[in-house]
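What follows is a short report on a single structure.
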Amino acid sequence: MIRLLRVVHVLSLLLLLAAAIAPSFVSAQPAAPTPTPPAPLAGEQQQRYDTMINQLRCLVCQNQTIADSSAPLALDLRDQVHRQIADGRSDDEIRDYLTHRYGDFVLYKPRLAARTLALWIGPFALLAIALIAAVLFMRRSSARQLATTPVVADAERIRRLLQEQEGSD
Amino acid sequence: MLRFAIPVVVLLGLLALLGIGLRLDPREVPSPLIGKMAPAFDLPNLDGSARITPLDLQGRPVLVNFFASWCAGCQVEHPVLMKLAREYGVEIVGIDYKDTRDAAEQWLARHGNPYRSIVADALGQAGLDWGVYGVPETFVLSAEGRVLYKQIGPMTDAAWRDKIAPLLAQGSASR
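As they're listed, the protein sequences go chains A and B. Okay, so the first sequence: first residue is 4 according to our numbering, each after it adds one. Okay, so the second sequence: first residue is 34 according to our numbering, each after it adds one.
Below is the structure:
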């Protein structure tokens, strides 16, 4: 058991190492011409913008939202969201715009669809299976315990048998 | 016996899933554009003498390669693109992503020019519409202008041999 634990330990360390030295093709991008900055958003629009950019994944640094990332792509996507909100597009329209280009991966909160069903239901299904297995396991072990302990009702019979034996003596 | 078999089977199942997970490259996000028509753009060519749209790319299969003079991966793939263009006669259209004309021309003079035509996407709008998230990226377009395949990261001999050449062969055989 301890040896197994140690193997798991070493394996996880190796995995971490591999992740750290994985090649990356990120390269510095010089100042290319940038579009003019859009006009600032009004209060409610600014709120939508803040919520939105915290729910969109930056595809370059994949564990960051486009709000957190300073990659050029995140900058572009923030700019797009900003412009489209200013143009009066709805949140759904903006999400459609992005998923048509980058796929569902860009959404941190995937939509409920036939394709993403496993993602939404999977954890609950696994939990249910685990609960059922646990209940079955506990039932079985308590049944085994019952089979090995003497049944209380037998005390009466034992006394009678003992009495019979005394009587015959 | 069954008591031991169940945990072993569960463990093997988990290991198989993890094994598949290790083989997937999370940097390769499948493009939603596969099978669809190439996204529209209307941009000047590099020297500004003409405008190019996806209509100009129809009629024969082409590779559309997003590149930039500032991009390290582009330098890595460049010899492969040169070979495809020179030896196999593949038509490659370059889209110069967030770059300047001067820098791109210098870069091409130094490394060679594999492109039949070059689109200047100075602001990266075409890149956005094509779902580009890190140059270099290469799209394979069919003769009718449909996206058949997307290569994320540098073009390699293996990608050409295993993925792209068969697609192009299929495309020209069915016509």
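Glycine is no exception: its CB is placed at the ideal position from the N, C-alpha and C atoms. Note that the structure is a prediction, hence the values are computed from the model and not measured.
Quick one: what's got a C-beta closer than 7 Å to residue i's C-beta in the same chain, skipping five residues either side?
{"i": "leucine 200 (chain B)", "result": "Val173, Leu181, Tyr182"}
{"i": "isoleucine 85 (chain B)", "result": "Leu76, Asn78, Ser150, Val152"}
{"i": "alanine 2 (chain A)", "result": "The requested residue 2 (chain A) does not occur in the structure, where chain A is confined to residues 4 to 172."}
{"i": "threonine 1 (chain A)", "result": "Nothing can be reported for residue 1 (chain A), as the shown portion of chain A is limited to 4 through 172."}
For a cutoff of 8 Å on Cβ pairs, would you count residue i as touching chain A?
{"i": "glycine 164 (chain B)", "result": "yes"}
{"i": "arginine 36 (chain B)", "result": "no"}
{"i": "proline 87 (chain B)", "result": "no"}
{"i": "glycine 145 (chain B)", "result": "no"}
{"i": "proline 59 (chain B)", "result": "yes"}
{"i": "leucine 161 (chain B)", "result": "yes"}
{"i": "valine 62 (chain B)", "result": "yes"}
{"i": "serine 127 (chain B)", "result": "It is glycine, not serine, that sits at residue 127 (chain B) in the sequence shown. Chain A, which has no Cβ nearer than 8 Å to the Cβ of glycine 127 (chain B), makes this no."}
{"i": "glycine 54 (chain B)", "result": "no"}
{"i": "glycine 157 (chain B)", "result": "yes"}
At the level of alpha carbons, what is the spacing between residue i and residue j?
{"i": "serine 102 (chain B)", "j": "alanine 137 (chain B)", "result": "5 Å"}
{"i": "alanine 131 (chain A)", "j": "alanine 49 (chain B)", "result": "22 Å"}
{"i": "leucine 114 (chain B)", "j": "alanine 198 (chain B)", "result": "13 Å"}
{"i": "glutamine 48 (chain A)", "j": "proline 65 (chain B)", "result": "29 Å"}
{"i": "glycine 125 (chain A)", "j": "valine 41 (chain B)", "result": "22 Å"}
{"i": "alanine 83 (chain B)", "j": "leucine 122 (chain A)", "result": "48 Å"}
{"i": "valine 62 (chain B)", "j": "valine 63 (chain A)", "result": "10 Å"}
{"i": "lysine 196 (chain B)", "j": "aspartate 99 (chain A)", "result": "29 Å"}
{"i": "serine 93 (chain A)", "j": "histidine 85 (chain A)", "result": "12 Å"}
{"i": "glycine 46 (chain B)", "j": "tyrosine 111 (chain A)", "result": "27 Å"}
{"i": "leucine 57 (chain B)", "j": "alanine 45 (chain A)", "result": "43 Å"}
Give every residue of the same chain whose Cβ lies closer than 8 Å to the Cβ of residue i, excluding the five residues on either side of it in the sequence, and list them in chain order.
{"i": "aspartate 162 (chain B)", "result": "Pro72, Ala73, Phe74"}
{"i": "leucine 156 (chain B)", "result": "Lys131"}
{"i": "leucine 117 (chain B)", "result": "Leu96, Val123, Ile125, Pro147, Met188, Trp193"}
{"i": "phenylalanine 127 (chain A)", "result": "none"}
{"i": "lysine 69 (chain B)", "result": "Arg179, Val180"}
{"i": "glutamine 203 (chain B)", "result": "none"}
Is it right to say residue i is buried, meaning 16 or more other beta carbons lie within 10 angstroms of its own, or is it exposed?
{"i": "alanine 159 (chain B)", "result": "buried"}
{"i": "arginine 81 (chain A)", "result": "buried"}
{"i": "isoleucine 175 (chain A)", "result": "Lying before the first or after the last residue shown, residue 175 (chain A) is absent from chain A, which here runs from 4 to 172."}
{"i": "serine 73 (chain A)", "result": "exposed"}
{"i": "leucine 35 (chain B)", "result": "exposed"}
{"i": "alanine 25 (chain A)", "result": "Any reading at alanine 25 (chain A) is ruled out, since the residue's pLDDT is 48, under 50, leaving its predicted position unreliable."}
{"i": "valine 165 (chain B)", "result": "buried"}
{"i": "glutamine 166 (chain A)", "result": "exposed"}
{"i": "arginine 104 (chain A)", "result": "buried"}
{"i": "glycine 91 (chain A)", "result": "exposed"}
{"i": "tyrosine 52 (chain A)", "result": "buried"}
{"i": "leucine 59 (chain A)", "result": "buried"}
Once the 5 residues before and after residue i are set aside, which same chain residues still bring their CB inside 6 Å of it?
{"i": "arginine 194 (chain B)", "result": "none"}
{"i": "threonine 171 (chain B)", "result": "Leu96, Asn98, Gln184, Met188"}
{"i": "glutamine 87 (chain A)", "result": "Ile97"}
{"i": "serine 30 (chain A)", "result": "Residue placement at serine 30 (chain A) is poorly supported in this model, since its pLDDT is 48, which falls under 50; the coordinates still yield a value, given next. Excluding residues within five positions, none has a Cβ falling inside 6 Å."}
{"i": "arginine 93 (chain B)", "result": "Ala176"}
Within the 8 Å Cβ cut-off, does residue i reach chain B?
{"i": "glutamine 168 (chain A)", "result": "no"}
{"i": "glutamine 87 (chain A)", "result": "no"}
{"i": "phenylalanine 140 (chain A)", "result": "no"}
{"i": "lysine 98 (chain A)", "result": "Correcting the residue type first, residue 98 (chain A) is arginine in the shown sequence and not lysine. False, the Cβ-Cβ gap to chain B never drops below 8 Å."}
{"i": "serine 30 (chain A)", "result": "Residue confidence is low: serine 30 (chain A) scores 48 on pLDDT, short of 50, so the model does not pin down where it sits. Its coordinate-derived value is still stated next. So yes, serine 30 (chain A) belongs to the interface."}
{"i": "isoleucine 24 (chain A)", "result": "Any reading at isoleucine 24 (chain A) is ruled out, since the residue's pLDDT is 48, under 50, leaving its predicted position unreliable."}
Alpha helix (DSSP H) segments (min. 4 residues) lying fully within the region 122-146 of chain B: 134-144
Please specify which runs of the alpha helix (DSSP H), each continuous and at least 4 residues long, are wholly inside the region 86-126 of chain B, giving them in chain order. 105-120
I'd like the ranges of any alpha helix (DSSP H) spanning at least 4 consecutive residues and lying wholly in the region 46-72 of chain A. Taking 4 residues as the shortest admissible run, the region 46-72 of chain A contains the following complete alpha helix (DSSP H) segments, listed from N- to C-terminal end: 46-56.
Any chance you could list the alpha helix (DSSP H) runs of at least 4 consecutive residues sitting entirely within the region 146-205 of chain B, in chain order? Counting whole runs of 4 or more residues, the region 146-205 of chain B contains the alpha helix (DSSP H) stretches 158-162.
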